[in-house]
Structures are given as C-alpha cells and as structure tokens.
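Remember, the numbering used here sits 20 above the position in the sequence shown when you count from 1.
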Amino acid sequence: MTRKIYDADKIDWNHLQFSSLDLRKLLIPLIIEQLLTSFMGMADTMMVSR
21 MTRKIYDADK IDWNHLQFSS LDLRKLLIPL IIEQLLTSFM GMADTMMVSR
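Okay, here's the thing in structure tokens:
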C-alpha cells in the first residue's frame with residue numbers, strides 16, 4: 021500500500037512559493053553542516069579513544 025504525502029492534482033504548479041533552485045540553495049548548506057557535524061563527532065571519538 022502506497023500513501024501519498026500530497027495530491028498532485030490539487031497543486032498549482034505555476035504559483036509555487038519556492039522554486040527548485042531556491043530549495044537547492046537552502047538544502048546544500050544544511051547537507052554540508054550535517055557532514056561537518058558527523059566529521060567532528062568522529063574526530064571527538066578518535067581523540068577520546070587514544
């Protein structure tokens with residue numbers, strides 16, 4: 021059974037609040053932040069284990 025999060029028929033695709041480029045510009049820094057956070061966690065673990 022598949023559940024839809026949204027109904028594509030009800031979306032007005034010509035009047036979206038954010039473009040796909042805008043969303044990409046917002047997501048890229050968040051992804052980089054998550055990567056840096058995980059690297060810092062690994063570095064902390066390695067420093068404590070030595």
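C-beta: ideal position from N, C-alpha, C; glycine also.
In angstroms, rounded to a whole number, what distance separates the CA positions of residue i and residue j?
{"i": "Arg23", "j": "Leu56", "result": "34 Å"}
{"i": "Met60", "j": "Asp29", "result": "44 Å"}
{"i": "Leu43", "j": "Ile25", "result": "18 Å"}
{"i": "Leu41", "j": "Ile48", "result": "11 Å"}
{"i": "Thr65", "j": "His35", "result": "48 Å"}
Quick check on residue i: does DSSP put it in helix, strand or coil?
{"i": "Asp32", "result": "coil"}
{"i": "Arg23", "result": "coil"}
{"i": "Phe59", "result": "helix"}
{"i": "Arg44", "result": "helix"}
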